[in-house]
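This note's numbering numbers the first residue of the sequence shown as 206 and each following residue consecutively. Single-structure report; data block below.
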Amino acid sequence: MSLSRRKLLGTAAVAAAAAKAARAAPAVSRPVAVSSANGMRAVERAVRGMNAGEDPLDAAIAGVNIVEDDPADMTVGYGGVPNEEGVVQLDACVMHGPTARAGAVASLEGVKNPSKVARLVMQTTDHILLVGPGARHFATMNGFPVENLLTEKARKVWLFWKQNLSDNDKWLEPDPAHYDPDVKAFIDEFGWDDLRRPKSGGTIHLSALNARGDLAGCTTTSGLFFKMPGRVGDSPIIGAGCFTDNDVGSAGSTGRGEANILVSGGHLTVEFMRQGKHPRDACLMTLERIARTTKERRLLNAQGRPNFSIAFYAVNKQGQYGGATMYSHGSTGKRRQFAVADASGARKEDTVYLFEGRV
Ligand code: GLY
């Protein structure tokens, strides 16, 4: 499909999705927290904290810490899927609207709450981003324990991936009739149809707005499954994985980080909100930009559309919020959703999307 045809399709999809969502728009309230779908407990905790007077960034971090600590979420913190050498490397960033400050860590090993370390980079240093051994040294200087973050389930999944990687190595492919139950559960959860090219999923972004109209954002992840050692995604990149402007709003992303970095999607989404766009539409417009600027054949499907999943979440200073995904459904056929909490409690809502279908 030609680029102009894809552009037209995308623009029509943005307009149609925006009109549909506008009809269903709920009333706004503050505080509000919005996150990826894996953040139900996180948004609930963040709003509870803000209601009790917590700073929006502290509330956001306390929320995502629940997911970082949870070994059942294999895309964030403890229990995350490791890199190609079996080592869990974590990325995170935080941004505080009222002070317009930010902090981040990347490729951090052995510390399960990279969001807390990112906050200390922001609060106690002249820097914004610390990586690898430097980030770990900084964390240990600040009293963070160094732990083994690789759970048994994540180790088995990594070994299974290695065993299936090539016919030309010395590993034998496991017999499908005798897959380990943990591996089978993982395959079902993430919808692996090609074992050599497993799809990645997950990460958590959370943006928060308190009753006074102050904003904050936080993104934390274990990154793409089996990434190259040292690979850094969008999550710790201010302006990509997260961006917060206290005059306008806060936004962040989950999904293929490389695609987000190329358009500075967090910043772009906030700029669309600055132009008056509803957060939901701002997220969709950023996805449309990504679709238009994805040109490499290996990243396109037969229709010329991106063959990867990516999502944006945003809240503006008024308390309007939204979440948008490239595709309507995930690889397992589940409708894409995001999490939100406000005066009506915590819930999941369907995302608006650029393209109907699965990825
Ligand atoms: N968005 C998460 C990553 O690409 O690592």
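Note that the Cβ used here is the ideal one computed from N, Cα and C, for glycine as well. In this text the structure is predicted, and so the values were computed from the model without any measurement.
Subject >> Rounded straight-line distance, which links the Cα of Val437 to that of Gln294 >> reply: Taking the sequence shown and counting its residues from 1, one reaches residue 294 at position 89. Taking the sequence shown and counting its residues from 1, one reaches residue 437 at position 232. Note on geometry: alpha-carbon atoms of Gln294 and Val437 lie some 9 Å from one another.
Subject >> Residue closest to Arg242, alpha-carbon to alpha-carbon, out of Thr530, Gly284, Tyr283, Gly308 >> reply: The residue given as residue 242 occupies position 37 in the sequence shown. Residue identity check: residue 242 is Ala in the sequence provided, not Arg. Nearest option by C-alpha distance: Thr530.
**OP:** Rank Asn521, Pro287, Leu411, Val557 by C-alpha distance to the C-alpha of Gly268 and give the top, closest one.
**Re:** Counted from its first residue, the sequence shown places residue 268 at position 63. Checking every option, the nearest Cα to that of Gly268 belongs to Leu411.
Original post:
When you compare each of Leu414, Met346, Met490, Asp555 to Asn521 by their alpha carbons, which one comes out closest?
Top reply: Within the sequence shown, residue 521 is the residue found at index 316, counting from 1. Answer by Cα proximity: Leu414.
Original post:
Is it right to say Leu377 is buried, meaning 16 or more other beta carbons lie within 10 angstroms of its own, or is it exposed?
Top reply: On the sequence shown, residue 377 is found 172 positions in, with the first residue counted as 1. Leu377 should be labelled exposed.
**OP:** Would you kindly work out how many angstroms separate the C-alpha atoms of Gly406 and Asp393, rounded to a whole number?
**Re:** Here the question's residue 406 lines up with position 201 in the sequence shown. Here the question's residue 393 lines up with position 188 in the sequence shown. Approximately 13 Å, taken between the alpha carbons.
Subject >> Residue span of the alpha helix (DSSP H) that contains Ser412, given as start and end >> reply: Residue numbering aside, residue 412 sits at position 207 when the sequence shown is read from its first letter. Note, Ser412: premise wrong, no alpha helix (DSSP H); beta strand (DSSP E) at 409-414.
Original post:
Should the segment 434-450 be regarded as contacting the segment 297-306, the criterion being three or more beta carbon pairs within less than 8 Å?
Top reply: Counting Cβ pairs under 8 Å, three or more are found: they touch.
Original post:
Ser514 by DSSP, collapsed to three states: which one?
Top reply: On the sequence shown, position 309 is the one that residue 514 refers to. Note: Ser514 maps to coil in three-state DSSP.
Original post:
Under 8 Å, do Ala238 and Ile271 count as touching if we go by C-beta distance?
Top reply: On the sequence shown, residue 238 is found 33 positions in, with the first residue counted as 1. On the sequence shown, residue 271 is found 66 positions in, with the first residue counted as 1. Result no, Cβ atoms of Ala238 and Ile271 do not sit closer than 8 Å.
Subject >> Nearest-angstrom Cα separation, counted from Ala421 out to Arg250 >> reply: In the sequence shown, residue 250 corresponds to position 45, counting from 1. In the sequence shown, residue 421 corresponds to position 216, counting from 1. Looking at the two C-alpha atoms, the distance is approximately 14 Å.
Original post:
Within the present structure, is the beta-carbon of Ser278 separated from the nearest heavy atom of the ligand GLY by less than 7 Å?
Top reply: Here residue 278 refers to the residue found at position 73 of the sequence shown. Checking the sequence shown, residue 278 turns out to be Asp, not Ser. Checking the 7 Å criterion, the Cβ of Asp278 is out of range of every heavy atom belonging to the ligand GLY.
Subject >> Among Asp263, His332, Gly315, nearest to Thr356 - alpha-carbon criterion >> reply: The sequence position of residue 356 within the sequence shown is 151, counting from 1. That would be Gly315, whose Cα lies nearest to the Cα of Thr356.
Original post:
How about Met255 and Pro236: do their beta carbons lie closer than 8 Å?
Top reply: Within the sequence shown, residue 255 is the residue found at index 50, counting from 1. Within the sequence shown, residue 236 is the residue found at index 31, counting from 1. Here Met255 is near Pro236, since their CB atoms are less than 8 Å apart.
Original post:
When you compare only the Cα positions, how much space is there between Gly527 and Asp374?
Top reply: Within the sequence shown, the letter at position 322 stands for residue 527. Within the sequence shown, the letter at position 169 stands for residue 374. Cα to Cα, the separation comes out at about 46 Å.
**OP:** Figure out for me which residue from Glu501, Glu476, Ile495, Gly457 has the closest Cα to the Cα of Ala519.
**Re:** Indexing the sequence shown from 1 puts residue 519 at position 314. The residue among Glu501, Glu476, Ile495, Gly457 with its C-alpha nearest the C-alpha of Ala519 is Gly457.
Original post:
Is there at least one non-hydrogen atom of the ligand GLY closer than 7 Å to the beta-carbon of Gly438?
Top reply: Within the sequence shown, the letter at position 233 stands for residue 438. Flag set: Cβ of Gly438 near the ligand GLY.
**OP:** Could you tell me if Gly302 is buried or exposed, where buried requires 16 or more neighbouring beta carbons within 10 angstroms of its beta carbon?
**Re:** Taking the first residue of the sequence shown as position 1, residue 302 is located at position 97. Gly302 counts as buried, since at least 16 other C-beta atoms from the protein chains shown sit within 10 angstroms of its C-beta.
Original post:
Could you give the C-beta distance for Ala323 and Ala309, rounded to a whole number, given that I count them as a contact under 8 Å?
Top reply: Looking up residue 323 in the sequence shown gives position 118. Looking up residue 309 in the sequence shown gives position 104. So it is a contact: roughly 5 Å between Cβ atoms.
Original post:
Span of the beta strand (DSSP E) holding Ala456?
Top reply: If you number the sequence shown from 1, residue 456 lands on position 251. Start and end: 454-460.
Original post:
First and last residue of the alpha helix (DSSP H) that includes Asp263?
Top reply: Your numbering for residue 263 matches position 58 in the sequence shown. Taken as a continuous stretch (DSSP letters only), the alpha helix (DSSP H) holding Asp263 covers 261-273.
Original post:
If you measure from the CB of Asp296, is any heavy atom of the ligand GLY nearer than 7 Å?
Top reply: Walking along the sequence shown from the start, residue 296 turns up at place 91. Distances taken from the Cβ of Asp296 to the heavy atoms of the ligand GLY include one shorter than 7 Å.
**OP:** Rank Val362, Lys482, Cys488 by C-alpha distance to the C-alpha of Asp385 and give the top, closest one.
**Re:** In the sequence shown, residue 385 corresponds to position 180, counting from 1. When the alpha-carbon of Asp385 is set against those of Val362, Lys482, Cys488, the nearest one is in Val362.
Original post:
Quick one: what does DSSP say Met255 is sitting in, helix, strand or coil?
Top reply: For the purposes of this step, residue 255 is identified with residue 50 of the sequence shown, where counting begins at 1. Met255 falls in the helix class under three-state DSSP.
Original post:
What are the partner residues of Ile443, as DSSP defines its beta bridges?
Top reply: Numbered from its first residue, the sequence shown carries residue 443 at position 238. Its beta-bridge partners are Cys447.
Subject >> Rounded Cβ spacing between Met490 and Lys482 (contact assumed at less than 8 Å) >> reply: Position 285 of the sequence shown, counted from the start, is the residue given in the question as residue 490. Position 277 of the sequence shown, counted from the start, is the residue given in the question as residue 482. Contact check for Met490 and Lys482: beta-carbon distance about 7 Å, within the 8 Å limit, so the pair qualifies.
Subject >> Strand pairing of Asn521, partner residues [DSSP] >> reply: Numbered from its first residue, the sequence shown carries residue 521 at position 316. Its beta-bridge partners are Gly454.
Original post:
So Ala548 and Ser240 are in contact, right, with Cβ under 8 Å, and what is the actual spacing, rounded?
Top reply: Your numbering for residue 548 matches position 343 in the sequence shown. Your numbering for residue 240 matches position 35 in the sequence shown. About 17 Å; that fails the 8 Å criterion.
Subject >> Cut-off 6 Å between Cβ atoms - residues of its own chain near Leu429, not counting five sequence neighbours on either side >> reply: Numbered from 1 along the sequence shown, position 224 holds the residue referred to as residue 429. Excluding residues within five positions, the ones whose Cβ falls inside 6 Å are Ser405.
Subject >> Cβ-Cβ separation, Thr424 to Thr280 (assumed contact under 8 Å), whole Å >> reply: Reading the sequence shown from its first residue, position 75 is the one you call residue 280. Reading the sequence shown from its first residue, position 219 is the one you call residue 424. At roughly 12 Å, the Cβ-Cβ gap does not stay under 8 Å, so Thr280 and Thr424 are not in contact.
Subject >> Strand pairing of Ser312, partner residues [DSSP] >> reply: In the sequence shown, counting from the first residue as 1, residue 312 sits at position 107. Paired residues: none, contrary to the question.
Original post:
With which residues is Thr424 paired in a DSSP beta bridge?
Top reply: As a working note, residue 424 is residue 219 in the sequence shown. Looking at the DSSP assignment, Thr424 forms a beta bridge with Cys298, His410.
Subject >> Residue burial classification, Leu213 (beta-carbon count within 10 angstroms, cutoff 16) >> reply: If you number the sequence shown from 1, residue 213 lands on position 8. For Leu213, the predicted model reports a pLDDT of 38, less than 50, meaning its position is unreliable and no value from the coordinates is stated.
**OP:** Taking only the alpha-carbon atoms, compute the straight-line gap between Ser312 and Glu554 and give it to the nearest angstrom.
**Re:** Counting from one through the sequence shown, the residue named residue 312 turns up at place 107. Counting from one through the sequence shown, the residue named residue 554 turns up at place 349. Between the C-alpha atoms of Ser312 and Glu554 there is a straight-line separation of about 32 Å.
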